[in-house]
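**Student:** What follows is a structure written as C-alpha cells; I'll ask about it next.
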Amino acid sequence: MSFFEIMRGIYSGFGVTMNVTILALVYAIPFAVVAGVLQHFSTGTWRWVVTATIEFWRSSPILVLLYAFYYSLPAFGIYLSAFSVGALVLGLNAGAYGSQSIRAALQALDRGQCEAGLALGLSRFTVLRLIELPQAIVAMIPTFINQTIQLIKGTSLVSLLTLSDMTFRAGELFALTYDPVRIYSGLLLAYLIICYPVTILGRYLEKTLAKGRGASYEF
Amino acid sequence: MNFDIEFALEIVPRVLQGIENTIIVSAVSFVGATALGFFWEMLRRSHWLMRAIAQFIIDAIRSTPALVQVYFLFFVLPYYGVKLPAMFVGIFGLSFYFSGYISEVFKAGIDTIPAGQSQAAQSLGLGRVDTVIFVIAPQMLRNVAAPLGSYSVYILLSTPLLALLGVPEMLGSALDVASEAYRFAEPTFVSGVLFLILNLIVVAGVALFERRLGLRTQPH
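Those protein sequence lines, which keep their order, are chains R and A.
Under my numbering, the first sequence has 1376 at position 49, and the numbering climbs by one with no breaks.
Under my numbering, the second sequence has 323 at position 36, and the numbering climbs by one with no breaks.
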C-alpha cells in the first residue's frame, strides 16, 4: 500500500470526524454561554447547582464519560447511537470548559460598562446582551479556537465507540497491512493538516487581539 | 439490562485496585511533561533556528490528539525492536503531549518577568545558564505554579488513555471487571464516579497548595 493510499484510507473517515465535531459544537456553544452566564449571575443554591453541573462535565476523564454514557444509558432505558453519545459527551465536556472562559471574560470586564448601560436606562438583560456579552465573546475568540482544536482532537476517542472516524480507519488499515510506521505517521499527519493551520490562526489572533485591547486602554 | 446497584457497589474495591497505577502514571507524567516543557521553552529562547524548530514541535504536539500520539509510540516502537512496558510507553506519551502545553505556561511565566532582570544579570557578568537558574527561574516559579496546578489535573484526566494499552489503571481495571462479568454499565459508571472523587481531591489539594503559597487571588 502506498502512502497516498494510506492517507486516502484515513481521510475516508474525515466525514465522521467533522460531523461529530460539528454536532458537538452545537451542544458546546449554547451550554458554554448559558452555563457561564448563569454561573456569573446566580447566587446561593442556584450557583451551587450550576457549578456542580459544570464540574461534573469538566472533572471526569472524557474517555470514562464516553464509556460510562455509552454503556450505562441503555441500562436506564435510554437508547442513543454511538454518534449521538459521542457528540453529546464531547460537546458538553468542551462546553463546560468554555463556560469557564465566558465567566472569566465577563468577570474581567470593567464594572463601569454595566453601570453606564444601567444609567442609560437599559434593563440588566439588555446590558448583558448588547454590552457585556459582545465584549466577552470577542475577548475569548482565541480561547474558543483553542477549545475547538481540543474538540477536533477529542473526536479521535469516538473511534473506541466503533464510530468509523479517521483514527478508526487507521486501526482498520493497521489490522489489514500491519504497517504501523506509515499508518500512524499518516494519522498524525492527517490531524496535523487539519489542526495546524487552526493552531497558527489561534496564535495570531491571540497576539493581535491582545494588541487591540492594550490600545483601547490608552484613551 | 437494568442497572444493578448491588453489583456496582460490589466491584468498587476491584476497580479501586487500579488507583495506584493512576496516581503513579499522573505523577510521573506530570514531572516528565514539566521537564520536557521547560526544555522546549529554553530551546525556543536560544538560537533562531532552534527557535523555529522548537516552535514547530510545540505546535505539532498541540495539533495532534493525545490518543494518536500514544498509539504511535505504542505501535511504532516495537516495530523497530524497542520493547518497553506499556505503562512506560503511556507515561512517555502523556509527558510528550502535555509538554507542548506546559512550554506555553513557561513562556507566559517568563514573559511577565521584566527584561531588566536578565539585562541586570548579564551586566553583573552572569552567564546564560546562571541567569536562568539564579535570576529567571526563581521569579518564574511564582508565575507558573498556578497553571501547572491545572495541568496536573488535566494530566490526571488523561491517564485513562493508558487503559487502551492494557495498563490496569482505574479505567483499565474497570474494563477487566466488565469483560469478566460481561456487564459494562456498572464498571464504567463506577470508574467514572471514582475518577470524579479523585479529581475533586486533587483540585482541592492544588487549591490548598496555591493558598499556602499566597498565589490564589481570585476564586476558582
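For every residue, glycine included, the Cβ atom is placed at its ideal position computed from N, Cα and C.
Given the structure is predicted, the values throughout are model-derived calculations rather than measurements.
#1: Does the distance from the CB of residue 1483(R) to the CB of residue 1343(R) come in under 8 Å?
#2: For residue 479(A), count neighbouring Cβ atoms within 10 angstroms of its own Cβ and tell me buried if that reaches 16, exposed if not.
#3: Given that a residue counts as buried once 16 or more other Cβ atoms are within 10 Å of its Cβ, and exposed if not, what is residue 521(A)?
#4: Does DSSP classify residue 304(A) as helix, strand or coil?
#5: By alpha-carbon positions, which one of 447(A), 356(A), 326(A) ends up nearest to residue 459(A)?
#6: Note down the Cα distance separating residue 362(A) from residue 1332(R), rounded to an integer number of angstroms.
#7: Quick check on residue 1367(R): buried or exposed, where buried means 16 or more other Cβ atoms within 10 Å of its Cβ?
#8: Is the separation between the beta-carbon of residue 517(A) and that of residue 435(A) shorter than 8 Å?
#9: Using a Cβ cut-off of 7 Å, which residues of the stretch 1348-1377 of chain R contact any Cβ in chain A, in chain order?
#10: If we define contact as Cβ-Cβ less than 8 Å, is residue 1398(R) a contact residue for chain A?
#11: Drop a sphere of 10 angstroms on the beta-carbon of residue 328(A), count the other beta-carbons inside from all chains shown, and report buried for 16 or more, exposed for fewer.
#12: List the whole-angstrom C-beta distance separating residue 1469(R) from residue 1533(R), where the pair is believed to meet the contact cut-off of C-beta under 8 Å.
#13: Is it buried or exposed, residue 370(A), if we count other Cβ atoms within 10 angstroms and call 16 or more buried?
#14: Does chain A have any CB closer than 8 Å to the CB of residue 1391(R)?
#15: Check the Cβ-Cβ distances between residue 390(A) and every residue of chain R, and say whether any is below 8 Å.
#16: Which class does residue 1362(R) belong to by DSSP, given the choice of helix, strand or coil?
#17: Between 418(A), 441(A), 366(A), 388(A), which lies nearest to residue 402(A) when the distance is taken from Cα to Cα?
#18: Measuring CB to CB, does residue 442(A) end up less than 8 Å from residue 379(A)?
**Tutor:** So, from the listed chains and residues:
#1: To locate residue 1483(R), count along the first sequence from 1; it is residue 156. To locate residue 1343(R), count along the first sequence from 1; it is residue 16. Contact: no.
#2: Walking along the second sequence from the start, residue 479(A) turns up at place 192. Residue 479(A) comes out buried.
#3: The question about residue 521(A) has no answer here: the residues shown for chain A are numbered 288 through 507.
#4: In the second sequence, the residue the question calls residue 304(A) occupies position 17. Coil, per DSSP.
#5: Taking the second sequence and counting its residues from 1, the one referred to as residue 459(A) is at position 172. Considering only alpha carbons, the answer is 447(A).
#6: Translated into the one-based positions of the second sequence, residue 362(A) becomes position 75. Translated into the one-based positions of the first sequence, residue 1332(R) becomes position 5. Looking at the two C-alpha atoms, the distance is approximately 20 Å.
#7: Translated into the one-based positions of the first sequence, residue 1367(R) becomes position 40. Per the 10 Å Cβ criterion, buried.
#8: The question about residue 517(A) has no answer here: the residues shown for chain A are numbered 288 through 507.
#9: none
#10: For the purposes of this step, residue 1398(R) is taken as the residue at position 71 of the first sequence. Yes, its Cβ sits closer than 8 Å to a Cβ of chain A.
#11: Looking up residue 328(A) in the second sequence gives position 41. Per the 10 Å Cβ criterion, buried.
#12: Working through the first sequence from its first residue, we reach residue 1469(R) at position 142. Working through the first sequence from its first residue, we reach residue 1533(R) at position 206. Between residue 1533(R) and residue 1469(R) the Cβ distance is about 4 Å, and since that is below 8 Å, they are a contact.
#13: Walking along the second sequence from the start, residue 370(A) turns up at place 83. The residue is exposed, with fewer than 16 neighbouring Cβ atoms inside 10 Å.
#14: Here residue 1391(R) refers to the residue found at position 64 when the first sequence is read from its first residue. So, interface residue.
#15: Residue 390(A) sits at position 103 when you count from the first residue of the second sequence. So no, residue 390(A) is outside the interface.
#16: As a position in the first sequence, residue 1362(R) is number 35, starting the count at 1. If DSSP states are grouped into helix, strand and coil, residue 1362(R) belongs with the helices.
#17: Along the second sequence, one-based indexing puts residue 402(A) at 115. Of the listed residues, the one whose Cα sits closest to residue 402(A) is 418(A).
#18: Along the second sequence, read from residue 1 onward, the residue named residue 442(A) stands at position 155. Along the second sequence, read from residue 1 onward, the residue named residue 379(A) stands at position 92. Going by C-beta atoms, residue 442(A) is not nearer than 8 Å to residue 379(A).
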